[in-house]
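Below: one structure, written as structure tokens.
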Amino acid sequence: MSSISTERSWCLLVPQHAQGARTARHRLGAELDGTVPPALVADAEMVAAELLGNAVRHAEPLPGGMIRLTWLLRAGPSANSVEIRVTDGGASGPPRVRQAGPDATDGRGLHLVAALATEWGVERDGLGQSVWARLVHPVGQRLATVR
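Quick note on the numbering used here: the sequence shown kicks off at 33 and runs consecutively.
Encoded structure:
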């Protein structure tokens, strides 16, 4: 088993609407498919969908009406991780986990992110806000050869 870690990163700008978010999520899945175990791909797509959906519904766009999805894949000797980051123009308040009632039609997204991610958080700077999540899977689920 190699003790060398590898990293790959991607950045994608899409329009801040549902179709842009869908395009970004599909691109993430396509890039990770065959590179990391299917369970990690599925978790990463779910987290990205929630973060992108929140950016579309609750935040201002970046200049040009865009949102940005970036992801960083780290493949190490003991674990594979994907860090997902969605950057937008920010909202009136920081993202927070809400308590949704049993009949609520929304309000569960960050619960899903918190359940799937090893950690997640929010960073603000002068340009906007980034919500990020890190997903880690043990290396028993080996990386395939990178295409």
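Note that beta-carbon positions come from the ideal geometry of N, C-alpha and C, so glycine has one too.
Q: For glycine 153, write down the residues that DSSP places opposite it in a beta bridge.
A: Trp164
Q: Under 6 angstroms Cβ to Cβ from leucine 105, same chain only, skipping five residues before and after it: list those, please.
A: Cβ within range, chain order: Arg40 and Val114.
Q: Using alpha carbons as the reference points, say which of Ala165, Leu159 and Thr55 lies closest to leucine 148.
A: The alpha carbon of leucine 148 has as its nearest neighbour, out of Ala165, Leu159 and Thr55, the alpha carbon of Ala165.
Q | Counted within 10 angstroms of its Cβ, other Cβ atoms place glycine 122 as buried (16 or more) or exposed | A | buried
Q) When the Cβ atoms of the segment 82 to 91 are set against those of the segment 41 to 53, are three or more pairs found closer than 8 angstroms? A) yes
Q | Start and end residues, beta strand (DSSP E) containing threonine 55 | A | From DSSP, threonine 55 is part of no beta strand (DSSP E) but of the alpha helix (DSSP H) over 50 to 64.
Q) Cβ atoms of proline 70 and alanine 111: under 8 angstroms apart, would you say? A) no
(Q) Does proline 47 come out as helix, strand or coil in the three-state DSSP assignment? (A) Three-state result, proline 47: strand.
Q: Taking leucine 167 as the reference, give the member of Gly160, Val68, Cys43 and Pro126 with the closest Cα.
A: Val68
Q. Which residues share a DSSP beta bridge with leucine 122?
A. Per the sequence shown, residue 122 should be read as glycine rather than leucine. Answer is Glu92, bridged to glycine 122.
Q: Could you spell out the range, first to last residue, of the alpha helix (DSSP H) harbouring leucine 148?
A: 141 to 148
**Q.** Three-state class that DSSP yields for valine 79 in the structure shown
**A.** helix
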